[in-house]
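**Q**
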Amino acid sequence: MPSSAGPSIDTITKGGRVTQVGAGQETAESAPPVATFGAPTVGEILAERYELVEHINNDSAGRQVWRGVDVILRRPVAVVLRYPGGDSATEMLQAAVAASRVIHPNLVGVYDAIDEADRAYVVREWVDGLSLREMVADGPLDPARATAVGNAVASALAAVHATGMVHGNVHPGTVMISDDGRVVLADARTDGADSQENDIRAIGGILYFAMTGHWPHTEVPLRGATAGHGRAAIPDALRDTSGVLAAPRQIRAGIPAYLDDLTMDLLDPAITPTSADVLTAELSRLDIPGEEQFLEPTGPLRFTADTGDEPSPLAAAGGRKVAFGIAGVLAVALVALLVGISVLGGDEDTPTQNLPAAAPSASAPAAEDTTAPAPQVRKLDIARAQIIDPDSRDRVGLDGAEKVYDGDQDEGWATQTYRGSGRFGNYKRGMGVWIDLGAERTVKSVQVNLSAVGASAALYAGTAPVSGSSNQADDQLLTSYEKNPIGQPFEEHDGTTMTFNGFDADKKYRYLMFWLIELPPSDGGYKVGVQEITVQGS
1 MPSSAGPSID TITKGGRVTQ VGAGQETAES APPVATFGAP TVGEILAERY ELVEHINNDS
61 AGRQVWRGVD VILRRPVAVV LRYPGGDSAT EMLQAAVAAS RVIHPNLVGV YDAIDEADRA
121 YVVREWVDGL SLREMVADGP LDPARATAVG NAVASALAAV HATGMVHGNV HPGTVMISDD
181 GRVVLADART DGADSQENDI RAIGGILYFA MTGHWPHTEV PLRGATAGHG RAAIPDALRD
241 TSGVLAAPRQ IRAGIPAYLD DLTMDLLDPA ITPTSADVLT AELSRLDIPG EEQFLEPTGP
301 LRFTADTGDE PSPLAAAGGR KVAFGIAGVL AVALVALLVG ISVLGGDEDT PTQNLPAAAP
361 SASAPAAEDT TAPAPQVRKL DIARAQIIDP DSRDRVGLDG AEKVYDGDQD EGWATQTYRG
421 SGRFGNYKRG MGVWIDLGAE RTVKSVQVNL SAVGASAALY AGTAPVSGSS NQADDQLLTS
481 YEKNPIGQPF EEHDGTTMTF NGFDADKKYR YLMFWLIELP PSDGGYKVGV QEITVQGS
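In this text, residue positions in the sequence shown follow UniProt numbering: the first is 1, and each later residue adds one.
1) Would the region 450-464 and the region 397-406 be scored as touching if the rule is three or more Cβ pairs under 8 Å?
2) Taking 6 Å as the line, does the beta carbon of residue 523 fall inside it for any heavy atom of the ligand MN?
3) What are the residues that DSSP puts in a beta bridge with residue 379?
4) Am I right that residue 265 and residue 249 are in contact with their C-beta atoms under 8 Å? What's the rounded C-beta distance?
5) On a CA-only basis, which of 509, 119, 82 and 159 is nearest residue 57? Give me that one, please.
6) Once DSSP output is grouped into helix, strand and coil, what is the label at residue 195?
7) Considering just the uninterrupted stretch of the alpha helix (DSSP H) at residue 150, what are its terminal residues?
8) If you follow the beta strand (DSSP E) that residue 64 is part of, which residue opens it and which one closes it?
9) Name, in chain order, the residues that DSSP records as bridge partners for residue 442.
10) Only counting runs of 4 or more residues, tell me where the alpha helix (DSSP H) segments fall wholly within the region 447-533, in order along the chain.
11) Expressed to the nearest angstrom, what Euclidean distance is found between the alpha-carbon atoms of residue 413 and residue 197?
12) Determine the DSSP secondary structure at residue 211, reduced to helix, strand or coil.
13) What residue range does the alpha helix (DSSP H) around residue 119 cover?
14) Where do the N-terminal and C-terminal ends of the beta strand (DSSP E) with residue 178 fall, by residue?
15) Do you know how far the Cα of residue 51 is from the Cα of residue 71?
16) How big is the Cα-Cα spacing for residue 442 and residue 64?
17) Hey, residue 445 and residue 496 are a contact pair by Cβ (cut 8 Å); roughly how many whole angstroms apart?
18) Measuring straight from C-alpha to C-alpha, what distance separates residue 121 and residue 184?
19) Verify whether the separation of the beta carbon atoms of residue 147 and residue 279 is less than 7 Å.
20) Any idea what DSSP makes of residue 200, helix, strand or coil?
21) Indicate the three-state DSSP secondary structure (helix, strand or coil) for residue 206 in the structure shown.
22) Determine the extent of the beta strand (DSSP E) in which residue 56 is found, giving its start and end residues.
23) Considering only the alpha carbon of each residue, which of 133, 263 and 380 lies closest to residue 202?
24) So residue 514 and residue 439 are supposed to be a Cβ contact under 8 Å. How far apart are they, rounded?
25) Helix, strand or coil: which one does DSSP assign to residue 419?
26) With distances taken Cα to Cα, identify the nearest neighbour of residue 157 among 141, 526 and 188.
27) To the nearest whole angstrom, what separates the beta carbons of residue 533 and residue 433, a pair I think is in contact under 8 Å?
28) Quick one: Cα of residue 401 to Cα of residue 382, how far?
29) Shortest alpha-carbon distance to residue 399 belongs to which of 416, 453 and 130?
30) Grab me the residues of residue 154's own chain with a C-beta within less than 7 Å of its C-beta, minus the 5 sequence neighbours each way, in chain order.
31) Return the residue from the list 89, 91, 87 and 39 that minimises the CA-CA distance to residue 66.
32) What residues in its chain sit with their C-beta under 7 Å from that of residue 338, if we drop five residues either side in the sequence?
33) Using three-state DSSP, classify residue 275 as helix, strand or coil.
34) Can you give me the C-alpha to C-alpha distance between residue 84 and residue 42, rounded to a whole angstrom?
35) Quick one: what's got a C-beta closer than 7 Å to residue 377's C-beta in the same chain, skipping five residues either side?
36) Using a Cβ-Cβ cutoff of less than 6 Å, which residues in the same chain neighbour residue 525 once the five nearest sequence positions on both sides are dropped?
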């Protein structure tokens with residue numbers, strides 16, 4: 001797992017170990033009693049591999065959380081243990097197995113899930129830091145830091161949703177902030193009541209909580225963060241006498257209008273939320289100054305890419321209120337909620353199906369409306385692909401590159417089987433899949449689906465096209481591309497999906513290379529298949 005990538009906040013962490021439990025809480029007063037048969041002990045080694053070092057806490061469901069050590073790989077781990085196991089642990093184990101298939105720098109890595117009948121346990125990445133619940137206990141975060149947290153959570157959910165899965169347990173206790181500033185989401189708990197829409201609405205709750213210290217419980221409570229949870233309860237948000245939720249700006253000064261509107265729109269059950277990847281793109285463009293003197297005099301939020309001709313991608317995706325701060329000017333974008341209705345132009349009196357719109361600031365006149373099309377994150381076409389093998393002895397096994405972008409994950413290109421070592425038998429630096437997008441594009445992410453777990457790989461970008469099919473040509477291409485890595489490499493990852501972020505929003509990309517470094521065991525040797533490569537961007 002990469003140690004740090006994607007959105008992070010490197011100035012708000014503090015010493016201490018994070019509560020390594022899904023609800024991020026100490027034992028609630030209502031926690032169910034646990035059995036004594038199969039009770040773990042300090043120093044015990046589970047599955048002949050995971051040594052229990054320290055009991056950290058229990059969650060409200062009676063699960064124990066331990067700090068442990070993987071005695072084989074010598075790395076710290078968190079062990080979430082339930083006893084007895086069997087049927088009572090089915091949901092926990094199924095959720096862990098599903099989560100292990102998605103690898104992303106803003107998701108806590110899941111290493112193992114074992115049921116021993118008398119007890120069951122999940123082994124996952126150990127994170128040194130604090131939960132968002134614990135961090136906000138000392139005071140709400142400033143808007144910039146709250147946005148960084150929301151961005152990280154949205155990015156993690158985009159990776160989960162891309163596989164068709166749901167997280168189902170997003171709240172301040174499952175959002176962890178490591179001591180080095182990495183923001184990660186933990187403890188997926190999926191069941192039939194969960195939905196991707198609820199996941200995205202929970203991001204609004206995360207933003208609201210981070211900025212105010214209160215959790216906006218909705219008509220359908222977000223699991224794990226409901227009121228009345230013993231000592232671990234999160235304060236409910238303020239409401240008026242009719243039960244209407246107070247906006248963050250009504251609770252705390254200094255919150256930009258756009259961020260306030262975005263948060264409230266995500267929490268509004270009357271507004272269908274956008275997808276997680278579009279929301280990630282929107283939060284990524286926010287440039288909220290950390291110091292008050294950098295705010296515009298009128299107070300609206302600034303954007304990193306705000307040139308006056310680039311509307312928010314959220315506007316075209318269903319957001320209700322979009323305000324662009326441009327040196328004292330607040331531009332009003334009126335967006336219809338129905339699918340297929342585009343951004344409306346005209347003057348500020350244009351009707352919008354009786355929906356309220358953001359009003360101009362008292363200190364800044366309304367700007368002219370724009371009808372320029374908003375860039376949307378979408379799947380980009382791959383024009384061609386080629387297998388790169390600079391250390392090939394016979395140039396065999398280089399066919400089938402077109403299968404990595406044909407839309408069929410059941411077919412793909414696969415390496416040959418290598419003996420003796422997962423590093424291509426110790427005589428190759430690796431092999432790569434070079435792709436051409438056909439033209440320069442803005443790229444948001446690249447997702448690679450593999451045939452097996454345990455591979456190590458990296459992603460590179462370059463400006464040079466393939467100049468032939470020879471060892472010398474491949475070597476020159478690799479040398480030039482290695483100078484521009486995208487994000488962090490994945491090392492011996494425990495899932496079959498790798499999602500690479502870290503693209504520069506101000507740059508265009510045409511040529512990319514997915515580079516395999518180490519292969520997983522297969523049929524007495526080492527081999528892996530690249531089933532599908534998906535590029536998201538605009």
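Yeah, the Cβ is synthetic: ideal placement off N, Cα and C, and Gly gets one too. As the structure is a computational prediction, the values presented were derived from the model and not from experiment.
**A** Considering the structure as presented:
1) Contact between the region 450-464 and the region 397-406 is absent, because fewer than three Cβ pairs lie under 8 Å.
2) This structure lacks the ligand MN, and indeed carries no ligand of any kind.
3) Stepping through the sequence shown from its first residue, residue 379 is reached at position 379. In the DSSP secondary-structure assignment, residue 379 is bridged to 536.
4) The count along the sequence shown starts at 1 and reaches residue 265 at position 265. The count along the sequence shown starts at 1 and reaches residue 249 at position 249. The C-beta distance from residue 265 to residue 249 rounds to 14 Å, too long to fall under 8 Å, and the pair is not in contact.
5) What you label residue 57 is simply residue 57 of the sequence shown in a count that begins at 1. For residue 57, the closest of 509, 119, 82 and 159 by C-alpha to C-alpha distance is 82.
6) Mapped onto the sequence shown, residue 195 falls at position 195. Coil.
7) In the sequence shown, residue 150 corresponds to position 150, counting from 1. Residues 143-162.
8) Here residue 64 refers to the residue found at position 64 when the sequence shown is read from its first residue. In the DSSP assignment, residue 64 falls within the unbroken beta strand (DSSP E) covering 64-70.
9) Numbered from 1 along the sequence shown, position 442 holds the residue referred to as residue 442. Residue 442 is bridged by DSSP to nothing; it lacks a bridge partner.
10) The qualifying runs are 471-481.
11) For the purposes of this step, residue 413 is taken as the residue at position 413 of the sequence shown. For the purposes of this step, residue 197 is taken as the residue at position 197 of the sequence shown. C-alpha separation (whole angstroms): 34 Å.
12) Taking the first residue of the sequence shown as 1, we reach residue 211 at position 211. Of the three classes helix, strand and coil, the one that applies to residue 211 here is helix, per DSSP.
13) Indexing the sequence shown from 1 puts residue 119 at position 119. For residue 119, there is no enclosing alpha helix (DSSP H), as DSSP marks it with neither H nor E.
14) In the sequence shown, counting from the first residue as 1, residue 178 sits at position 178. Looking at the DSSP string, the run of the beta strand (DSSP E) that includes residue 178 is 175-178.
15) Taking the first residue of the sequence shown as 1, we reach residue 71 at position 71. Taking the first residue of the sequence shown as 1, we reach residue 51 at position 51. Cα-Cα distance, rounded: 7 Å.
16) Locating residue 442 in the sequence shown gives position 442, where the first residue counts as 1. Locating residue 64 in the sequence shown gives position 64, where the first residue counts as 1. Taking the straight line joining both Cα atoms gives about 45 Å.
17) Locating residue 445 in the sequence shown gives position 445, where the first residue counts as 1. Locating residue 496 in the sequence shown gives position 496, where the first residue counts as 1. In fact, because the Cβ distance is near 17 Å, the residues do not count as touching under 8 Å.
18) Walking along the sequence shown from the start, residue 121 turns up at place 121. Walking along the sequence shown from the start, residue 184 turns up at place 184. Note on geometry: alpha-carbon atoms of residue 121 and residue 184 lie some 21 Å from one another.
19) The sequence position of residue 147 within the sequence shown is 147, counting from 1. The sequence position of residue 279 within the sequence shown is 279, counting from 1. Between residue 147 and residue 279, the C-beta gap is not smaller than 7 Å, which leaves the two residues out of contact.
20) Within the sequence shown, residue 200 is the residue found at index 200, counting from 1. Residue 200: helix per DSSP, three-state reduction.
21) To locate residue 206, count along the sequence shown from 1; it is residue 206. If DSSP states are grouped into helix, strand and coil, residue 206 belongs with the helices.
22) Residue 56 sits at position 56 when you count from the first residue of the sequence shown. Taken as a continuous stretch (DSSP letters only), the beta strand (DSSP E) holding residue 56 covers 50-58.
23) For the purposes of this step, residue 202 is taken as the residue at position 202 of the sequence shown. With respect to the C-alpha of residue 202, the residue from 133, 263 and 380 having the closest C-alpha is 263.
24) The sequence position of residue 514 within the sequence shown is 514, counting from 1. The sequence position of residue 439 within the sequence shown is 439, counting from 1. That pair is no contact at about 19 Å.
25) The residue you call residue 419 lines up with position 419 of the sequence shown. Here residue 419 sits in coil by DSSP.
26) Position 157 of the sequence shown holds residue 157. The residue with the shortest Cα to Cα distance from residue 157 is 188.
27) Position 533 of the sequence shown, counting from 1, holds the residue named residue 533. Position 433 of the sequence shown, counting from 1, holds the residue named residue 433. At roughly 7 Å, the Cβ-Cβ gap stays under 8 Å, so residue 533 and residue 433 are in contact.
28) Looking up residue 401 in the sequence shown gives position 401. Looking up residue 382 in the sequence shown gives position 382. Answer to the nearest angstrom: the Cα atoms are 11 Å apart.
29) On the sequence shown, residue 399 is found 399 positions in, with the first residue counted as 1. Its Cα nearest to that of residue 399, the residue 416 stands out among 416, 453 and 130.
30) Here residue 154 is taken as the residue at index 154 of the sequence shown, counted from 1. Excluding positions up to five away in sequence, the list reads 203, 276, 279, 280 and 283.
31) Residue 66 sits at position 66 when you count from the first residue of the sequence shown. Nearest C-alpha to residue 66: 39.
32) Here residue 338 corresponds to residue number 338 of the sequence shown, with the count starting at 1. For residue 338, the predicted model reports a pLDDT of 36, less than 50, meaning its position is unreliable; a value from the coordinates is still stated below. Taken in chain order, the list of residues that qualify is empty.
33) Within the sequence shown, residue 275 is the residue found at index 275, counting from 1. Note: residue 275 maps to coil in three-state DSSP.
34) Your numbering for residue 84 matches position 84 in the sequence shown. Your numbering for residue 42 matches position 42 in the sequence shown. Taking the straight line from one Cα to the other gives about 18 Å.
35) Sequence index remark: in the sequence shown, residue 377 carries index 377 (1-based). These residues qualify, in order along the chain: 277, 278, 281, 313, 444, 536, 537 and 538.
36) By one-based count along the sequence shown, residue 525 stands at place 525. Shown here for residue 525: same chain residues with a beta carbon closer than 6 Å to its own, the five before and five after excluded, namely 417, 418 and 419 in chain order.
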